[in-house]
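**Q** Residue numbering for the sequence shown follows this note's numbering, starting at 233 and increasing by one per position.
Ideal Cβ placement from N, Cα and C applies to all residues, glycine included.
Just so you know, these numbers come straight off a predicted model, no measurement behind them.
Here it is, the structure, as structure tokens.
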Amino acid sequence: MSKETQNLVKTSSEKDQNKNIQNYYKLQSKIYDATRWSFLFGRKKLVKVLPFEKNAEISILEVGCGTGYNLKNLAKAFPKAKLTGLDVSEDMINLSRKQTKAYADRVSLLQQPYGPNQKAVPTKYDAIIFSYSLTMINPHWEDLIKHAENDLKENGVVGLADFHDSRFLWFKKHMSNHHVRMDGHLLALMKDLYEPILEEVKSAYAGVWEYVVFVGRKRD
Ligand SMILES: C[S@@+](CC[C@H](N)C(=O)[O-])C[C@H]1O[C@@H](n2cnc3c(N)ncnc32)[C@H](O)[C@@H]1O
């Protein structure tokens, strides 16, 4: 990361960070689904490439489930899967609850931050996905990627869809005002910790930024 970019990244204690995110989503939750389809690319692909049979009786955790967009798509793609959505924002969790109402018998929602300091999750998962959450979690994203290893079953799978990088400083600055860090920093650690099954970096809006979709298996 260049010095110029480093200065953009606003980092704070975990507690302050979670407060900032909760405040940010008080308003953003109201326009989230109406706006995010136009720039959070790769989310459908992530669900599509998870390496499970349609009727597999699996458990999947989404960290930072937001309004439940992915949980709903996961519920449709895997009709026998048990799903857990975890999010630090009450406003977002409430929207998730509405969006996944039809699948309430197999979707659990928890309002809490994810990471080494949280209450232990009562189970191990077949898959844990992070979709546009990790670039907002600064500087603790690294702890969360590592922590997921503990919460995965043997041979468990991690999935990521997120912003990757941009060659335009003005865009990185713009995104940092929305708590997003874009430095290509997630993929390297993911590849280090998880055996890649799929790794894709794609360009958005004629190269203004790149996004990443990664699926990897927990190493032995
Ligand atoms: C950009 S939204 C993505 C929502 C959803 N995953 C999607 O793809 O549409 C990021 C979400 O991560 C949540 N979040 C941020 N920090 C978190 C943390 N430490 N633990 C759990 N959720 C967090 C935010 O509240 C927000 O709902």
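Return yes when at least one heavy atom of ligand 1 lies under 7 Å from the C-beta of SER270, else no.
**A** Result no, Cβ not under 7 Å from ligand 1.
**Q** Say the cut is 7 Å; is the CB of TYR357 nearer than that to a heavy atom of ligand 1?
**A** TYR357: no, Cβ never under 7 Å from ligand 1.
**Q** Sorted by chain position, which residues of the same chain lie with C-beta nearer than 6 Å to PRO428's C-beta, five sequence neighbours on each side aside?
**A** Only GLY448 meet the Cβ criterion.
**Q** Just to check, is the beta-carbon of PRO345 closer than 7 Å to a non-hydrogen atom of ligand 1?
**A** At least one heavy atom of ligand 1 is nearer than 7 Å to the Cβ of PRO345, so yes.
**Q** Hey, is LEU392 close to ligand 1, as in C-beta under 7 Å from one of its heavy atoms?
**A** For ligand 1, not one heavy atom lies less than 7 Å from the Cβ of LEU392.
**Q** Any chance the CB of GLU322 is under 7 Å from a heavy atom of ligand 1?
**A** No, since every heavy atom of ligand 1 falls outside the 7 Å radius drawn around the Cβ of GLU322.
**Q** Identify the residues that DSSP records as bridge partners of THR441: which are they?
**A** Here residue 441 is Trp; the residue named in the question, Thr, does not match the sequence. DSSP lists ALA436 as partners of TRP441.
**Q** Going by Cα to Cα distance, which pick from VAL445, LEU240, GLU285 and ARG399 is closest to LYS423?
**A** Checked all of VAL445, LEU240, GLU285 and ARG399; the closest Cα to LYS423 is VAL445.
**Q** Shortest alpha-carbon distance to GLN260 belongs to which of ASP323, ALA359 and LYS404?
**A** Among ASP323, ALA359 and LYS404, the Cα nearest to that of GLN260 belongs to ASP323.
**Q** GLU374: beta carbon under 7 Å from a heavy atom of ligand 1?
**A** Incorrect: GLU374 has no Cβ contact closer than 7 Å to ligand 1.
**Q** Compute the distance between the beta-carbons of TYR364 and ALA336, then report whether it is under 8 Å.
**A** Not closer than 8 Å, so no.
**Q** Between the alpha carbons of SER398 and PHE271, how many angstroms are there, rounded?
**A** In a straight line, the C-alpha of SER398 is about 14 Å away from that of PHE271.
**Q** Confirm, please, whether the CB-CB distance from LYS276 to PHE310 is below 8 Å.
**A** It is not a contact, given that the beta carbons lie outside the stated cut-off.
**Q** Could you tell me the distance, in whole angstroms, from the CA atom of ARG338 to the CA atom of LEU318?
**A** Approximately 14 Å, taken between the alpha carbons.
**Q** Exposed or buried, what is GLN331 when buried is set at 16 or more other beta-carbons lying within 10 Å of its beta-carbon?
**A** By the 10 Å Cβ count, GLN331 comes out buried.
**Q** Using DSSP bridges, identify the partner residues of LYS450.
**A** BP columns for LYS450 point to TYR426.
**Q** So for GLN331, helix, strand or coil by DSSP?
**A** DSSP places GLN331 in helix when its eight states are reduced to three.
**Q** Tell me whether the beta-carbon of LEU366 lies closer than 8 Å to the beta-carbon of LEU418.
**A** Cβ atoms of LEU366 and LEU418: closer than 8 Å.
**Q** May I ask you to report which of helix, strand or coil DSSP gives ALA307?
**A** Correct three-state label for ALA307: helix.
**Q** Within the present structure, is the beta-carbon of LEU318 separated from the nearest heavy atom of ligand 1 by less than 7 Å?
**A** Yes, ligand 1 has a heavy atom inside 7 Å of this Cβ.
**Q** Are LEU282 and VAL389 touching if we call contact CB-CB under 8 Å?
**A** Cβ distance < 8 Å, so LEU282 and VAL389 count as in contact.
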